[in-house]
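Below is one structure, written out as structure tokens; the observations come after it.
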Amino acid sequence: MTAKKNLIVIGNGMVGHKFLELMVAKGAAKHWNLITFCEEARVAYDRVNLSGFFSGKTAGDLSLVAPGFYQENDIKIHIGDKAVAIDREQKTVSSANGLEVPYDKIVLATGSYPFVPSITGKDAQGTFVYRTIDDLEAMSDYAKNCQVGVVIGGGLLGLECANALQNMGLKTHVVEFASRLMPVQVDDAGGAILRSKIEELGVSVHTSKSTTEIVSEDGKVAKMLFADGSELATDMIVFSAGIRPRDEIARSCGIEVGERGGIVINDSCQTSDSDIYAIGECALYQNRIYGLVAPGYTMAGVAADILSSAA
Numbered sequence: 603m604t605a606k607k608n609l610i611v612i613g614n615g616m617v618g619h620k621f622l623e624l625m626v627a628k629g630a631a632k633h634w635n636l637i638t639f640c641e642e643a644r645v646a647y648d649r650v651n652l653s654g655f656f657s658g659k660t661a662g663d664l665s666l667v668a669p670g671f672y673q674e675n676d677i678k679i680h681i682g683d684k685a686v687a688i689d690r691e692q693k694t695v696s697s698a699n700g701l702e703v704p705y706d707k708i709v710l711a712t713g714s715y716p717f718v719p720s721i722t723g724k725d726a727q728g729t730f731v732y733r734t735i736d737d738l739e740a741m742s743d744y745a746k747n748c749q750v751g752v753v754i755g756g757g758l759l760g761l762e763c764a765n766a767l768q769n770m771g772l773k774t775h776v777v778e779f780a781s782r783l784m785p786v787q788v789d790d791a792g793g794a795i796l797r798s799k800i801e802e803l804g805v806s807v808h809t810s811k812s813t814t815e816i817v818s819e820d821g822k823v824a825k826m827l828f829a830d831g832s833e834l835a836t837d838m839i840v841f842s843a844g845i846r847p848r849d850e851i852a853r854s855c856g857i858e859v860g861e862r863g864g865i866v867i868n869d870s871c872q873t874s875d876s877d878i879y880a881i882g883e884c885a886l887y888q889n890r891i892y893g894l895v896a897p898g899y900t901m902a903g904v905a906a907d908i909l910s911s912a913a
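Under my numbering, think of the first position of the sequence shown as 603, with each following residue one higher.
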């Protein structure tokens, strides 16, 4: 009997977990040693519906992993351990906790991180990003002593975040650099309708606003200053100004990345190293990063089709 080969999935977000589910469904777990590194202390959960956390959903409710999934399918998961390096010559993956695991194939599903604009005061107490359950727990705890909250970024995730702040009982503002909300998805007419609907919900919308400084008082966020000379008092600020691909592990081992980031892949989701694949928000396909779950799931399907038949 041929010995099983090692397939390491780096990243246990929605797309990385979808890939594992597809591999199991295709019977590939019989032919591969499936190993995954999960940087967070929690296994994969639904980031798309994170705002449900503020309306009573628990971390368990948001989990995407069926009870016993990893154990029953003999998948080795390293929870709370980040893969930090790939040695392509020795064909090993090293982790933050000191593990060194040999691989035959790798699937990079490292996702993205929130983009925080280079604004003076951006690291003040009371500033947050909206990405993980840990982020949400920190926001919720801090908001208990706040009256006003601002979201920087009027895209889809920013509006979801604004809804979360409202659910916490805060007077909520959305600040958007572009001339309309969701500038990528809607035109001016659609933006006007959307703005009207959002304002009807009690959220104040500020478009064509460039934040120049976040001012603190007594060490905490107090107000925002804008390029047009106006200002806005607030107790907390959440950045939701887009994403950037997490490509550092690929970059550090010499795999090709795009000029503005992202792990370059072909139609088969292969990187410049044919033994290493990339899927989801870390991947750059046809010079584009897809910051949505659906394209990530499509990539997971492509990679699973290839790797399940290659076992």
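Every residue, glycine too, gets a C-beta built ideally from N, C-alpha and C.
Keep in mind that this is a model prediction, so the values were computed, not measured.
Among the options, nearest to residue i - alpha-carbon criterion
i, options, result
"residue 903", "871, 912, 894 and 878", "871"
"residue 750", "764, 660, 760 and 842", "764"
"residue 911", "605, 718, 631 and 829", "631"
"residue 826", "886, 882, 896 and 723", "723"
"residue 707", "831, 637 and 735", "637"
"residue 748", "733, 642 and 727", "727"
"residue 857", "879, 795, 622 and 845", "879"
"residue 725", "661, 821, 793 and 743", "821"
"residue 657", "742, 797, 673 and 690", "742"
"residue 796", "815, 757, 773 and 834", "757"
"residue 875", "618, 624 and 855", "855"
"residue 901", "869, 889 and 877", "869"
"residue 845", "759, 640 and 899", "759"
"residue 877", "649, 694, 661 and 640", "694"
"residue 847", "898, 745 and 633", "898"
One or two residues paired with residue i in a DSSP bridge
i, result
"residue 607", "634"
"residue 900", "DSSP lists no partner for residue 900."
"residue 702", "696"
"residue 716", "845"
"residue 710", "612 and 880"
"residue 857", "None; residue 857 has no bridge partner."
"residue 628", "According to DSSP, residue 628 bridges with nothing at all."
"residue 813", "828"
Check whether residue i and residue j have beta carbons under 9 Å apart
i, j, result
"residue 716", "residue 731", "yes"
"residue 729", "residue 775", "no"
"residue 755", "residue 843", "yes"
"residue 719", "residue 809", "no"
"residue 709", "residue 609", "yes"
"residue 863", "residue 891", "yes"
"residue 676", "residue 697", "no"
"residue 838", "residue 817", "no"
"residue 626", "residue 679", "no"
"residue 767", "residue 784", "no"
"residue 914", "residue 654", "Since the first residue of the chain shown is 603 and the last is 913, residue 914 is not available in this structure."
"residue 688", "residue 642", "no"
"residue 635", "residue 606", "yes"
"residue 611", "residue 639", "yes"
"residue 819", "residue 721", "no"
C-alpha gap between residue i and residue j, whole angstroms
i, j, result
"residue 865", "residue 852", "7 Å"
"residue 778", "residue 752", "11 Å"
"residue 603", "residue 841", "Here residue 603 scores only 48 on pLDDT, less than 50, and its place in the model is too uncertain to base an answer on."
"residue 800", "residue 806", "8 Å"
"residue 803", "residue 769", "11 Å"
"residue 629", "residue 909", "11 Å"
"residue 620", "residue 906", "9 Å"
"residue 613", "residue 712", "5 Å"
"residue 737", "residue 782", "27 Å"
"residue 733", "residue 615", "11 Å"
"residue 829", "residue 780", "13 Å"
"residue 873", "residue 701", "24 Å"
"residue 887", "residue 672", "30 Å"
"residue 674", "residue 622", "13 Å"
"residue 896", "residue 832", "39 Å"
"residue 793", "residue 811", "15 Å"
"residue 867", "residue 786", "24 Å"
"residue 893", "residue 691", "32 Å"
Closer than 9 Å to chain D by CB, residue i
i, result
"residue 714", "Given the protein chain composition of this structure (a single chain), no chain D is represented."
Sequence ranges, alpha helix (DSSP H) only - wholly within the stretch 725-780, length at least 4: 735-745 and 758-769
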